[in-house]
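So the sequence shown is numbered by this note's numbering: it starts at 310 and just counts up by one.
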Amino acid sequence: MKSSAAVAPSPSRALVAPRRARLAGKPRSRARGDDRRRASTTDGSGYLTMYFRDMASLHVLQPAEEFSTAKTIEGLEVGLWVELLSYPPTLGAVLDALPAEAELPEVKALRRPLAGKKGEQAIARAAAKLRDADLDRLFIEAALTVADRASRGFGTVPRGVRGTRAFADWVQRVDVAARAAHAARADFVKANLRLVISIARRFNHGRMALADLVQEGNLGLMKAVERYDYRRGFRFSTYASWWIRHAISRALADKGREIRLPVHMIDAHHRLTKARRELTSKLGRSPTTEELATATNMPADKVENMRRWVLEQSVSIDRPAGDEEGRTLAEVLVDPEREDGSPTADLEMDALTSEVRNILGELRPIEADILRQRFGLATEKELTLKEIGEKYNLSRERIRQLQEQALVKMRRALQRKELM
């Protein structure tokens, strides 16, 4: 397991802090030198024991502390948005980089010239709305990418602005605000890691290693930190427990079997198993397909398929094939003509290609067309940003922005379908 203690390591880049990678940093330990390396690499239970020991020393937040910490994080994130939106030379680029879902009335108002007190109030309103709407932190990542590119000499910063003192001050303010917001979220995650361990142990029935259950639970905890709204009045630990259980349950459904089944099939399987047990106890015999269908409110053909696909034992491809050479089924199935030797590679690629096509159909026509031309999905030739821009009579930078927006949407869709 990659250790999942949430710490706030020093960012390697000036502005953009990869959210999950940094929140899932390494646990600190009192072990030193070779002893620590041996414990973490050769003794699986050793590093897990150290991790649990470190977590036991963490301070558990009281309800009042949970609310105040969540309120602090909200203030820091709104402050980060204010900094991103408060520099006129880069404001247009930041707004253009935001996904279509971020085109809120308060955000659109910033495209009109505003100055003085009215301008500050408009920025504050837009910052608060963007923070509340950005549940998955996609908006802020897009905006920080613009700031990061501008600080490194890329993007659409007007000529003569990049070398000015005002531009350098803006970059520094955004950097400080981004680090502060990231550190506050990381501390909130760290303060609740013991909750993950407690819940993960309840799911530790041998289907997945405890270390992996903790890892998955930590991902659920980070999602809870992102989405928690202290104004609703309930405790963070109550809210986070649902996300942690959900993350672990999904991991068990996806990775706890040798052959992965869709989550809806596993849910249906649980309903079918429960109904079969109750009917067997009530009737004194095994229920028929029709009786199970009535009890579970599922079509009879689906019940029959569930029996065949889920309830029957699957055959391991590692079992002996029974030939004279003593090969396994996996060795018999491998095509010797294939370079990768994988019997499932074509099926996996076909499935992924089909999903990508479906997702492309959900994008705006111009976004889908840009991706097809940019990556050669329609033809074998990949066009440059400039070539695509000439077709649409748009600048190279605008095509790049549309491409980034489309890729963000595709990544989110692939993550929802658990293909990434």
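Glycine included, C-beta positions come from ideal geometry on N, C-alpha and C.
(message) Considering just the uninterrupted stretch of the alpha helix (DSSP H) at V483, what are its terminal residues?
(response) Start and end: 474-499.
(request) Can you have a look at H491 and say buried or exposed, based on whether 16 or more other CB atoms are within 10 angstroms of its CB? (result) When all chains shown are included, H491 counts as buried.
(request) Find the nearest neighbour of L581 within the set A660, R494, A604, judged by alpha-carbon distance. (result) The candidate whose alpha carbon is nearest that of L581 is A604.
(request) Over the uninterrupted alpha helix (DSSP H) stretch that includes S366, give me the two end residues. (result) DSSP places S366 in no alpha helix (DSSP H); its state is neither H nor E.
(message) Less than 9 Å between the beta carbons of V387 and A442, yes or no?
(response) Contact: no.
(request) Compute the Euclidean distance between the alpha carbons of T589 and W551, then round it to the nearest angstrom. (result) W551 has its alpha-carbon roughly 33 Å from the corresponding atom of T589.
(request) Compute the Euclidean distance between the alpha carbons of P467 and P398, then round it to the nearest angstrom. (result) Cα to Cα, P467 sits roughly 7 Å from P398.
(request) Confirm, please, whether the CB-CB distance from L711 to I675 is below 9 Å. (result) If you check the CB distance, I675 and L711 come in under 9 Å.
(message) Using the Cβ count rule (16 or more neighbours within 10 Å means buried), how would you classify S460?
(response) So S460 counts as buried.
(message) Suppose contacts are defined by Cβ-Cβ distances below 9 Å. Is A451 in contact with Q714 by that definition?
(response) The Cβ-Cβ distance between A451 and Q714 falls below 9 Å.
(request) Measuring alpha carbon to alpha carbon, tell me which of V391, D457, P422 ends up nearest L439. (result) The residue among V391, D457, P422 with its C-alpha nearest the C-alpha of L439 is V391.
(message) When you compare the CB positions of A560 and L504, do they come within less than 9 Å of one another, or not?
(response) In terms of Cβ geometry, A560 and L504 do not form a close pair [threshold 9 Å].
(request) Compute the Euclidean distance between the alpha carbons of R594 and A520, then round it to the nearest angstrom. (result) Rounded to the nearest whole angstrom, the CA to CA distance from R594 to A520 is 41 Å.
(request) Take the Cβ of P596 as the centre, count every other Cβ of all protein chains shown within 10 Å, and call the residue buried at 16 or more, exposed below. (result) Label assigned to P596: buried.
(message) DSSP three-state label for T358, please.
(response) Three-state DSSP puts T358 in a helix.
(message) Is the beta carbon of A477 closer than 9 Å to that of T381?
(response) It is not a contact, given that the beta carbons lie outside the stated cut-off.
(message) Helix, strand or coil, according to DSSP, for R681 in the structure here?
(response) DSSP places R681 in helix when its eight states are reduced to three.
(message) Check for me: the alpha helix (DSSP H) holding K380 runs from which residue to which?
(response) Start and end: 372-394.
(message) Quick check on T688: does DSSP put it in helix, strand or coil?
(response) In the structure shown, T688 falls within a coil segment according to DSSP collapsed to helix, strand and coil.
(message) Can you tell me whether T637 is helix, strand or coil according to DSSP?
(response) Shown here, T637 sits in a strand according to DSSP, grouped into three states.
(message) Distance check for R536 and L444, CA to CA, integer angstroms please.
(response) Computed Cα separation, rounded: 6 Å.
(request) State the Cα-Cα distance for the pair E657 and L502, rounded to the nearest angstrom. (result) Cα to Cα, E657 sits roughly 36 Å from L502.
(request) Answer yes or no: do G462 and R471 have a C-beta to C-beta separation smaller than 9 Å? (result) For G462 and R471, yes; Cβs fall inside 9 Å.
(request) Provide the residue span of the alpha helix (DSSP H) that contains M719, from first to last. (result) Looking at the DSSP string, the run of the alpha helix (DSSP H) that includes M719 is 705-725.
(message) Among L686, T688, I679, whose alpha-carbon lies nearest the alpha-carbon of G698?
(response) Ranking the options by Cα distance to G698, first place goes to I679.
(request) Pick helix, strand or coil for Y548, following the three-state DSSP scheme. (result) Correct three-state label for Y548: helix.
(request) Just the C-alpha distance for V416 and L447, rounded to the nearest angstrom, thanks. (result) So the alpha carbons of these two residues sit roughly 16 Å apart.
(message) Between the alpha carbons of R707 and T693, how many angstroms are there, rounded?
(response) If I take the Cα positions, the gap works out to 13 Å.
(request) Please go through the same chain and pick out, in chain order, the residues whose beta-carbon is closer than 7 Å to the beta-carbon of Y548, but skip the five residues on each side of it. (result) Around Y548: A533, Y537.
(message) Here's a check: name, in chain order, each residue in its chain whose Cβ is nearer than 7 Å to the Cβ of L393, leaving out the five neighbours to either side.
(response) Excluding positions up to five away in sequence, the list reads V403, A452, A456, V483.
(message) Following a CB-centred definition, is A677 positioned closer than 8 Å to any heavy atom of the ligand FAD?
(response) What this structure holds is no ligand at all, so the ligand FAD is not there to describe.
(request) Indicate the three-state DSSP secondary structure (helix, strand or coil) for T399 in the structure shown. (result) Correct three-state label for T399: helix.
(message) If you measure between the beta carbons of L389 and L419, is that distance less than 9 Å?
(response) No, Cβ-Cβ distance for L389 and L419 is not below 9 Å.
(request) Reducing DSSP to helix, strand and coil, say where P608 ends up. (result) Note: P608 maps to coil in three-state DSSP.
(message) Under DSSP, the alpha helix (DSSP H) around L519 begins and ends at which residues?
(response) Counting along the chain, the unbroken alpha helix (DSSP H) around L519 starts and ends at 519-536.
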